[in-house]
Amino acid sequence: MRKGLAWAIALLVLPAALSAQKQKMPPLPPAAGPAIPPPPSQSAPTVITLGEAIRLALQHNHALQAARSTILQNQAQEVTANLRPNPTLQWDTQFLPIFQPSNFTADYFENDAQFDIGVSYLFERGKKRQHRLQAARDQTAVTRATVADNERTLTFNVSQQFVNVLLAQSTLDLAKQDYDSFLKTVEISEDRFKAGDMSEGDLLKIKLQLLQFQSDVLNANLAKVQALAALRQLLGFESVGDNFDVQGELEYQPMHADLQAAHISVTAAQSQESLAEANGKRDLTVAFDYSHVGGVNSGTFFFNIDLPIFDRNQGEIARTRYAISQSQEQQSEAAEQVMSDVVNAYEGLKANDQIIQLYRSGYLEQAQKSRDITEYAYKRGAASLLDFLDSERTYRSNQLAYRQALAAYMTALEQTREAVGTRSLP
Numbered sequence: 231m232r233k234g235l236a237w238a239i240a241l242l243v244l245p246a247a248l249s250a251q252k253q254k255m256p257p258l259p260p261a262a263g264p265a266i267p268p269p270p271s272q273s274a275p276t277v278i279t280l281g282e283a284i285r286l287a288l289q290h291n292h293a294l295q296a297a298r299s300t301i302l303q304n305q306a307q308e309v310t311a312n313l314r315p316n317p318t319l320q321w322d323t324q325f326l327p328i329f330q331p332s333n334f335t336a337d338y339f340e341n342d343a344q345f346d347i348g349v350s351y352l353f354e355r356g357k358k359r360q361h362r363l364q365a366a367r368d369q370t371a372v373t374r375a376t377v378a379d380n381e382r383t384l385t386f387n388v389s390q391q392f393v394n395v396l397l398a399q400s401t402l403d404l405a406k407q408d409y410d411s412f413l414k415t416v417e418i419s420e421d422r423f424k425a426g427d428m429s430e431g432d433l434l435k436i437k438l439q440l441l442q443f444q445s446d447v448l449n450a451n452l453a454k455v456q457a458l459a460a461l462r463q464l465l466g467f468e469s470v471g472d473n474f475d476v477q478g479e480l481e482y483q484p485m486h487a488d489l490q491a492a493h494i495s496v497t498a499a500q501s502q503e504s505l506a507e508a509n510g511k512r513d514l515t516v517a518f519d520y521s522h523v524g525g526v527n528s529g530t531f532f533f534n535i536d537l538p539i540f541d542r543n544q545g546e547i548a549r550t551r552y553a554i555s556q557s558q559e560q561q562s563e564a565a566e567q568v569m570s571d572v573v574n575a576y577e578g579l580k581a582n583d584q585i586i587q588l589y590r591s592g593y594l595e596q597a598q599k600s601r602d603i604t605e606y607a608y609k610r611g612a613a614s615l616l617d618f619l620d621s622e623r624t625y626r627s628n629q630l631a632y633r634q635a636l637a638a639y640m641t642a643l644e645q646t647r648e649a650v651g652t653r654s655l656p
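Residue numbers (the numbering used here): 231 to 656.
Okay, here's the thing in structure tokens:
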């Protein structure tokens, strides 16, 4: 009873609302959405390829630029590490008759007062400066390798997001195509209804189904806008215009973390140990003083060196040796992670390749042929409405799944390239 009552209400209410559509269905809103019209002075959109997107990201991505600045900071630390100690200037005046001002005479200063002036210099032993410089250079090498790994990660992220934009565009094209095709079906159904070959209830079902196609187009357009915004963030907002777009297709290409940074980290840790051992050697301070005492001019040499009885920098030397072991373990872990990434990426690529082959082996053609046959039969009254709608849903789901499989395959391909480092940076 309730189901019959609902259909009765629909048949009474919907004809009046749908009567305005009997001549022609309303046009589909523009892709960008009617609520956000483009400004009158907006220029033509900038279209970029995947290679151009990667190049723009490497030039303008702010996170990468910040990472690159650490290389310059390390180079500045190399300059500091290579500096020699500054000489020290010291002087003094003794035996001034401050409490007997009457004795402030030239003769007193010449014969009784004492004046000293001298220069001292710290001679670093154990090649401390050379070890400091080498440690700083090794640290710069670690930073370079880390930044290079950041570049590879950014390249993969841009490639992945670029594929997401291509998927969104392909989904949008499919949604528009389905909408236009179904719109013609609605027009034919109206003609059949006028000719008495279709009931009003079936016509209402057809027209209500059109709402799903319109929603698919709007949702696909929103996904495209969001994918472009995410890609623009990776590229740097100032590198492209507001209305930029991408150039490329979802296509099948047959199959034909960074160990380097971890390896360099071991070298850097070893140089830190050498520096710690050098710091354990005591430095020699040499000073020369010129003195004027009792009318006599003289010179004096002073020598100063610590006796390494208690502090021989043994704690820092032990710490750096443990740091070497830590870096070696991290190197082994990085090597295993690289192998794991390569295996996972390659297996994912093979799995996606098998899925693509399944679709290309005939499922796509069968779904489209089934839809075309059912549509042809339905338009001529030889197939039921439910059969036609079911074949339409099957066709759409197969097309969407195939496009998603293509995007997953292209993403897996980029992930494999990142893992093995085969993508050349533009």
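Heads up, the beta-carbon is just placed ideally off N, CA and C, and yes, glycines get one too.
**Item:** The beta strand (DSSP E) enclosing residue 301, as first and last residue numbers
**Value:** Element bounds for residue 301: not the beta strand (DSSP E) but the alpha helix (DSSP H), 292-311.
**With 16 other Cβ atoms within 10 Å as the buried cut-off, status of residue 454** = buried
**Message:** Is it buried or exposed, residue 573, if we count other Cβ atoms within 10 angstroms and call 16 or more buried?
**Reply:** Burial call: exposed.
**Asked** Taking the alpha helix (DSSP H) that residue 389 falls in, what are its first and last residues?
**Response** 358-425
**Request:** Could you tell me which of 515, 529, 551 and 449 sits nearest to residue 537, measuring between CA atoms?
**Result:** Comparing alpha-carbon positions, the option among 515, 529, 551 and 449 lying closest to residue 537 turns out to be 515.
**Prompt:** To the nearest whole angstrom, what separates the beta carbons of residue 363 and residue 315, a pair I think is in contact under 8 angstroms?
**Reply:** So it is not a contact: roughly 14 angstroms between Cβ atoms.
**Prompt:** In this structure, does DSSP put residue 517 in helix, strand or coil?
**Reply:** strand
**Prompt:** Is it a yes or a no for the stretch 514-532 touching the stretch 338-345, going by three-plus beta-carbon pairs under 8 angstroms?
**Reply:** In the pairwise beta carbon analysis, the stretch 514-532 is classified as touching the stretch 338-345: at least three pairs are separated by under 8 angstroms.
**Request:** Locate the alpha helix (DSSP H) running through residue 436, then write down its first and last residues.
**Result:** In the DSSP annotation of this structure, the continuous segment of the alpha helix (DSSP H) that includes residue 436 starts and ends at 430-465.
**Message:** Whether or not the stretch 278-291 and the stretch 306-320 are in contact is what I'm after, with contact meaning three or more pairs of Cβ atoms, one per stretch, closer than 8 angstroms; do they touch?
**Reply:** Counting Cβ pairs under 8 angstroms, fewer than three are found: no touch.
**Request:** Please name the residue or residues paired with residue 619 in a DSSP beta bridge.
**Result:** Answer is none; residue 619 lacks a bridge partner.
**Message:** Excluding the 5 residues flanking residue 575 on each side, which residues of the same chain have their C-beta closer than 7 angstroms to its C-beta?
**Reply:** 642, 645, 646 and 649
**Prompt:** In the structure shown, what three-state DSSP assignment does residue 533 receive?
**Reply:** strand
**Asked** Does the beta-carbon distance from residue 284 to residue 393 come in below 7 angstroms?
**Response** no
**Prompt:** According to the Cβ coordinates, are residue 604 and residue 612 closer than 7 angstroms?
**Reply:** no
**Request:** Look at the alpha carbon of residue 596 and the alpha carbon of residue 286, and state the distance between them as a whole number of angstroms.
**Result:** The straight-line gap from Cα to Cα measures roughly 42 angstroms.
**Which of helix, strand or coil DSSP assigns to residue 323** = strand
**Asked** Beta carbon of residue 443, beta carbon of residue 482: below 7 angstroms?
**Response** No, Cβ-Cβ distance for residue 443 and residue 482 is not below 7 angstroms.
**Message:** Once the 5 residues before and after residue 529 are set aside, which same chain residues still bring their CB inside 6 angstroms of it?
**Reply:** Contacts found: 520.
**Request:** Could you work out which residue in 378, 321 and 327 is closest to residue 300 when comparing CA atoms only?
**Result:** 378
**Prompt:** Can you tell me the Cα-Cα spacing of residue 423 and residue 588, whole angstroms?
**Reply:** Taking C-alpha positions only, residue 423 is separated from residue 588 by approximately 41 angstroms.
**Asked** Can you name the residues that DSSP bridges to residue 527?
**Response** 522
**Item:** Integer-rounded CB distance, given that residue 518 should sit under 8 angstroms from residue 531
**Value:** 6 angstroms
**Request:** For residue 466, I'd like the list of residues in its chain whose CB is within less than 6 angstroms of its CB, leaving aside the five on either flank, ordered along the chain.
**Result:** The residues are 290 and 291.
**Prompt:** Among 318, 593 and 420, which one has its Cα closest to the Cα of residue 628?
**Reply:** Here the closest residue by C-alpha is 593.
**Message:** Using CA atoms only, rank isn't needed, just tell me which of 374, 312, 328 and 347 is closest to residue 527.
**Reply:** 347
**Prompt:** Quick one: what's got a C-beta closer than 8 angstroms to residue 336's C-beta in the same chain, skipping five residues either side?
**Reply:** none
**Request:** Closer than 6 angstroms by C-beta to residue 386: which residues in its own chain qualify, once you throw out the five before and the five after it? Chain order, please.
**Result:** 644 and 648
**Request:** Could you check the C-alpha separation between residue 493 and residue 371 for me, to the nearest Å?
**Result:** With a pLDDT of 49 at residue 493, under the threshold of 50, the predicted position of this residue should be treated as unreliable, though the coordinate-derived value follows. Cα to Cα, residue 493 sits roughly 10 angstroms from residue 371.
**Asked** Leaving out five residues before and five after residue 319 in sequence, what residues of the same chain have Cβ atoms less than 7 angstroms from its Cβ?
**Response** 349
**Prompt:** residue 639 by DSSP, collapsed to three states: which one?
**Reply:** helix
**Request:** Rounded to whole angstroms, what's the CA-CA distance from residue 313 to residue 534? Just pull it up for me.
**Result:** 21 angstroms
**Item:** Endpoints, beta strand (DSSP E) assigned at residue 332
**Value:** No beta strand (DSSP E) holds residue 332; DSSP gives it neither H nor E.
**Prompt:** What residues in its chain sit with their C-beta under 7 angstroms from that of residue 270, if we drop five residues either side in the sequence?
**Reply:** Confidence in residue 270 is poor, its pLDDT being 36 and thus under 50, which makes the residue's placement unreliable; the coordinate value appears in the next sentence. Excluding residues within five positions, none has a Cβ falling inside 7 angstroms.
**Prompt:** Is the CB-CB distance between residue 402 and residue 450 below 7 angstroms?
**Reply:** yes
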